[in-house]
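Residue numbering for the sequence shown is 1 to 251, as defined by my numbering. Virtual Cβ for every residue (Gly too), placed ideally from N, Cα, C. Being a predicted model, the structure only gives us computed values, none of them experimental. What follows is a short report on a single structure.
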Amino acid sequence: MAVTIKSKHEIELMREAGKRLEDVHNQLAEIIRPGISTLEIDQFGEKAIRKWGCIPNFLNYNGYPASICVSVNDEVVHGIPHADHILQDGDIVSLDAGLIYEGYHSDAARTYGVGNISEEAARLIRVTKESFFEGIKFAKPENHLFDISAAIQQYVEANGYSVVRDLVGHGIGTHLHEDPEIPNFKQKRKGIKLRPGMTLAIEPMVNEGSFEVAWLDDDWTVVTEDESLAAHYENTILITEDGCEILTLSE
Ligand code: MF3
Ligand code: CO
């Protein structure tokens, strides 16, 4: 599938999809505390998405059984919410959420500390978020896609962490996953030239230890192979005439 350029009208819909998802994430941030189950987080998130009149796009995607991916500690992404998985003081938790508004998808992830977390865990969360912003410094027309990838890896590794190789970011629009694939690490090629109207989900997944990951038996939950902590940060962005606009974050 070719990389699509969104029209003015489509961009308006993508903006609205992004705004609504940002609000859902802001609501989710408020409920994170020791004692809440990952299933309660999912149920709250699904309700918030539906209250906006939107559809949770992860639910039933390739059989994924929930609306919010809740990944705790050494879980990198795609954790499945469970009633008996209770967040503990000192955990870190990644929430990945997405929705469909008028046929257009948004996708964003945040990682939070639960109660009091170690300085090292807080640094992992901060560096992961910062690596997204380092990457999107290169998100502008005439730059190449993999400039973003290399910048993310460079920043993460300079801070002593590693970027996951087995999962990547992606184009987004009328589908959750569109071309192009967006690795968070340097490529041998330059990648496509960025153009105004492209909408992309940039999502660094960062491990405290080695970049190697494994899949749990549920075939969804991705964990670090060395059981080190992992963090995830993602926004949907729009390439504009002179840079980019973050559609799922307005701060
Ligand atoms: N942010 C994730 C991604 O882009 C969400 C997909 S999770 C799934 O791939 F459950 F929907 F698969
Ligand atoms: Co994504």
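For D42, the CB contacts under 8 angstroms within the same chain, skipping 5 residues up- and downstream, are A66, S67, I68, V70, P81 in chain order. For the pair E46 and E40, the Cα-to-Cα distance works out to about 10 angstroms. Here H85 carries a coil assignment [DSSP, helix/strand/coil]. DSSP, reduced to helix, strand and coil, places K8 within a helical segment of the structure shown.
A distance below 6 angstroms between beta-carbons, with the five flanking residues on each side excluded, links T199 to the following residues of its chain, in chain order: K6, M14, I172, G173, L238.
Close CB contacts of A121 within its chain, under the 7 angstroms cut and outside five residues either way in sequence, are with I92, G113, L229 (chain order). Proximity of the beta carbon of A66 to ligand 2 is not indicated: no heavy atom of the ligand is located closer than 7 angstroms. Taking a contact to require three or more Cβ pairs closer than 8 angstroms, the stretch 201 to 209 and the stretch 131 to 138 qualify as touching. About 27 angstroms separates the beta carbon of S118 from that of A83, a gap too long to meet the 8 angstroms contact definition. Shortest Cα-Cα distance from F146 to any of K140, Y155, K190 involves K190. Shown here for I246: same chain residues with a beta carbon closer than 7 angstroms to its own, the five before and five after excluded, namely N235, I237 in chain order. Secondary structure of I80 (DSSP, three-state): coil. Going by DSSP, A214 is part of the beta strand (DSSP E) stretching over 213 to 215.
When DSSP states are grouped into helix, strand and coil, H25 belongs to the helix group.
Inclusion of W215 and T224 in the CB contact set at 8 angstroms is not warranted, their separation being larger than that value. G160 and T111 have their C-alpha atoms roughly 18 angstroms apart. Using a 10 angstroms sphere on the CB of H78, the tally of other CB atoms reaches 16 or more, which defines it as buried.
Residue pairing for L95: DSSP places it in a beta bridge opposite V70, R110. Excluding its 5 nearest sequence neighbours in each direction, F185 has C-beta neighbours in its own chain below 7 angstroms: S149, Q153, V163, R165, listed in chain order.
Straight through space, the alpha carbons of Y101 and E212 are spaced by roughly 35 angstroms. The residues R20, L99, I100, Y101, in chain order, have a CB closer than 7 angstroms to that of C54 in the same chain once the five nearest residues on each side in sequence are set aside.
Judged by beta-carbon spacing, L87 lies beyond the 8 angstroms limit of L28, meaning their Cβ atoms are not closer than that value. Take the alpha-carbon of E178 and the one of H232: they are about 20 angstroms apart. Nearest C-alpha to S210 among D74, G90, L194: D74.
Of E30, N62, E22, K140, the smallest CA-CA separation from D218 is found for N62.
When only Cα atoms are considered, L59 and H170 end up about 18 angstroms apart.
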